[in-house]
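Novice: Structure in structure tokens, see below.
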Amino acid sequence: MVGGIYLVWNTYMSQPTNTTLESQDSKFGNATYFMMLAATLISLLGTLMTDFALGQWVYKQTNSATAYGVIGFAALAPQLLFTPLVGTFLDRYPRGTIMIIGHIGAGLCTLIMMTLYANKVLSFEWILVFVSIGSIFNSFISQSFMVLVPVLVKQDKLIKYQGFSQGGLGMVELSVPALAALFLVTIGLKGVFIFDIASFLSAIFILSFIVRGINRNDGRSGNIEGEAISIIEQVRFGFKYLTGHKYLLLLLTFMGMVNFSIGIVHVLLTPLVLSFSTVVELGTVLTAAGVGTLVGSFTLMFLSDIRDKNKLLCWVLYLIGIVLISSLFIFVNQKITIWLLVGIAMMMTLLFVMVESVNQVIWQTSVPSELQGRVLSVQTLVTQMSLPLAFLIAGPLADFIFEPMFNQDGLLTNNIGEIIGTGPGRGIVFLYGLCGLIIIF
């Protein structure tokens, strides 16, 4: 499959170039990008802390794992489902303004929840409503950021700046659990709400200094606003564009498969570790995964001179496949199993950050800037929706199919089990190996 990606690239596309971006680079400085990144990361920190804290609060109130999971779903699903509609807005209206509207809308949702909490009427149902609405506004923020980055920085430096973005995202995600837990213990849920609102206000304040400059030349063609074309037709355009560009359609399909495989690996990592070790070792493995994210982000900063980004993407995907296949043998020497998993977790996150970033740069340099809102929103929807699907299917696959295969008298106990071992966790690593084979072949 990886080789097929490269073959189709050479067949259907020469080196893709978004010529629109070249004429805009001189009008935007690096400072604008870093101010927008700072605003986005500050806002994201508040949002993720609120999502984390609300999940803990709901679980305490309901003692229901289902309710806890539904809150997480509400924070993610609407954001993804509404991306095609948001993409249409981004190609119609000033993109910097849409980003600010996203911050305002999400901040108002948090303010309403804080008011309900202060009046002791906050309930699971209200949380579900406003987390879902806030998720849609967060789509305004994330999609705006994605289409504005290639306008703000030079095209040949996009991978480097993706490294900055991914590094900032990694640091935020690493800090959220500890910060949110600290706030909950010391000042409670209200304190988390206040921090979140302050983060949105800070983001709006920062963006107010650069929004006019961004809107003057934000990559739109300037024609779509006046076109008498329905919103539905504009949403469909993103899908139609992909059917006319076979390489991008293949890349979209393949990255959806990759994300699905990585989603399975991610969701089964905790059960895998706990099948033979303790929570302490699990913390070590998850910390290593976080470090891998940061190392991968910093590595990207030194790859800006690589011109054949498709070849780079293929090589990194090959490495991911090899790492997953190598996980088949972590139980050969159980004295070092946990340390092998530490290395695998670090390598997986390091490589996946690179894959996500290089893939995004390929899209940003292949799709004309004035179309990126509609086209990249479809790309986001397809690739990211594969993650929650993987979360749903991974558990049943492990519990009812692969783990029983390596139990006593299991289907694979007397053949493959003699090589990779039998017992708890072996079915999961076998599934890891299959995911690696799917990515490579």
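Okay, so the sequence shown: first residue is 218 according to our numbering, each after it adds one.
Note that CB positions come from ideal geometry on N, CA and C, so glycine has one too.
From a predicted model like this one, the values you see are computed outputs, not experimental measurements.
Restricting to runs no shorter than 4 residues, where is the alpha helix (DSSP H) found entirely within the stretch 539–600?
Specialist: Correct list: 554–583.
Novice: Check this for me: beta carbons of Phe354 and Gly322, under 8 Å apart or not?
Specialist: Yes; because the gap between Cβ atoms is below 8 Å, this pair is in contact.
Novice: State the DSSP-derived secondary structure class of Tyr310, mapped to helix, strand or coil.
Specialist: Three-state DSSP puts Tyr310 in coil, outside helix and strand.
Novice: Just confirm the distance between the C-beta atoms of Val533 and Val575, as a whole number of angstroms; I'd bet it's less than 8 Å.
Specialist: Correct: roughly 7 Å between the Cβ atoms.
Novice: Taking only the alpha-carbon atoms, compute the straight-line gap between Asp312 and Ile542 and give it to the nearest angstrom.
Specialist: Correcting the residue identity first, residue 312 is Arg in this sequence and not Asp. Their backbone Cα atoms lie some 43 Å apart in a straight line.
Novice: For Gln383, which residues of its own chain have a beta-carbon under 8 Å away from its beta-carbon, when the five flanking residues on both sides are left out?
Specialist: Contacts found: Thr510, Gly513, Ser514, Leu517, Val570, Glu573, Ser574.
Novice: Span of the alpha helix (DSSP H) holding Pro367?
Specialist: Residues 341–369.
Novice: In terms of residue numbering, what span does the alpha helix (DSSP H) encompassing Gly436 cover?
Specialist: Element bounds for Gly436: n/a, residue is neither H nor E.
Novice: Between Ser260 and the rest of its own chain, which residues show a CB-CB distance below 8 Å, the 5 nearest in sequence each way excluded?
Specialist: Hits under 8 Å: His320, Ala323, Ile358, Ser416, Phe417, Ser419, Ala420.
Novice: Please state whether DSSP places Leu628 in a helix, a strand or coil.
Specialist: Correct three-state label for Leu628: coil.
Novice: Let me make sure I understand the geometry here. Which of Phe347, Gly272, Gln601, Ala248 has the alpha-carbon closest to that of Val370?
Specialist: Nearest of Phe347, Gly272, Gln601, Ala248 to Val370, Cα basis: Ala248.
Novice: Determine, using beta carbons only, whether Ala506 and Ala397 come nearer to each other than 8 Å.
Specialist: For Ala506 and Ala397, no; Cβs fall outside 8 Å.
Novice: Quick check on this structure: which residue in Ile537, Thr554, Gly272 has the alpha carbon closest to the alpha carbon of Val409?
Specialist: Comparing Cα-Cα distances from Val409 to each of Ile537, Thr554, Gly272, the minimum goes to Gly272.
Novice: To which residues of the same chain is Ile329 closer than 7 Å at the C-beta, ignoring the five residues directly before and after it?
Specialist: Hits under 7 Å: Phe347.
Novice: Less than 8 Å between the CB atoms is what I'm expecting for Gly480 and Val599, so what's the real figure, rounded?
Specialist: About 13 Å; that fails the 8 Å criterion.
Novice: If we ignore side chains and look at the alpha-carbon of each, how far apart do Ile561 and Thr327 end up?
Specialist: For Ile561 and Thr327, the distance between alpha carbons rounds to 38 Å.
Novice: Would Gly644 and Glu620 qualify as a contact pair, given that the criterion is a beta-carbon distance under 8 Å?
Specialist: Against a cut-off of 8 Å, the Cβ pair of Glu620 and Gly644 comes out as a contact.
Novice: Pick helix, strand or coil for Asn247, following the three-state DSSP scheme.
Specialist: Here Asn247 sits in helix by DSSP.
Novice: Can you list, in chain order, the residues of its chain with a C-beta nearer than 8 Å to that of Leu567? Leave out the 5 residues immediately preceding and following it.
Specialist: Counting only Cβ-Cβ distances below 8 Å, and skipping sequence neighbours, we find Gly509, Thr510, Val512, Gly513, Thr516.
Novice: Using a threshold of 8 Å, state whether the C-beta atoms of Val364 and Gln551 are closer than that.
Specialist: The answer is no: Cβ separation not under 8 Å.
Novice: Output yes or no for whether 8 Å exceeds the beta carbon distance between Ile633 and Val646.
Specialist: Not closer than 8 Å, so no.
Novice: Quick one: is Phe477 buried, meaning 16 or more other Cβ sit within 10 Å of its Cβ, or exposed?
Specialist: Buried is the call here.
Novice: Is His462 helix, strand or coil by DSSP?
Specialist: Three-state result, His462: coil.
Novice: For Asp525, name the three-state secondary structure that DSSP assigns.
Specialist: Looking at Asp525 - three-state DSSP - the assignment turns out to be coil, as it is neither helix nor strand.
Novice: Quick one: residues in its chain with C-beta nearer than 6 Å to the C-beta of Ile376, no 5 flanking neighbours on either side, listed in chain order?
Specialist: Correct list, in chain order: Leu517, Leu520, Ser521, Val578.
Novice: Alpha carbons only, please: which of Ala607, Ile448, Ile618, Ile423 is nearest the one belonging to Thr300?
Specialist: Out of Ala607, Ile448, Ile618, Ile423, Ile448 has the C-alpha closest to the C-alpha of Thr300.
Novice: Give the single residue among Leu265, Gln296, Leu499 whose Cα lies nearest to the Cα of His483.
Specialist: Closest option to His483, Cα to Cα, is Leu499.
Novice: Where does Thr327 sit, in a helix, a strand or coil, going by DSSP?
Specialist: It is helical.
Novice: Where does the unbroken alpha helix (DSSP H) through Met388 begin, and where does it stop?
Specialist: Its alpha helix (DSSP H) spans residues 375–403.
Novice: If you draw a straight line from the alpha carbon of Ala294 to that of Leu345, how long is it in whole angstroms?
Specialist: If I take the Cα positions, the gap works out to 12 Å.
Novice: In the DSSP assignment, find the unbroken alpha helix (DSSP H) run with Val512 in it and report its ends.
Specialist: Here the alpha helix (DSSP H) through Val512 covers 496–517.
Novice: Which residues in the same chain have their Cβ closer than 8 Å to the Cβ of Leu530, if we skip the five residues on either side of it in sequence?
Specialist: Ile222, Val572, Val575, Asn576, Ile579, listed in sequence order.
Novice: Among the residues of its own chain, which have a CB less than 7 Å from the CB of Ile350, if the five just before and after it don't count?
Specialist: Taken in chain order, the residues that qualify are Cys326.
Novice: I'd like the list of long-range same chain contacts for Thr460, defined as Cβ closer than 7 Å, with 5 residues on each side in sequence excluded.
Specialist: The residues are Leu466.
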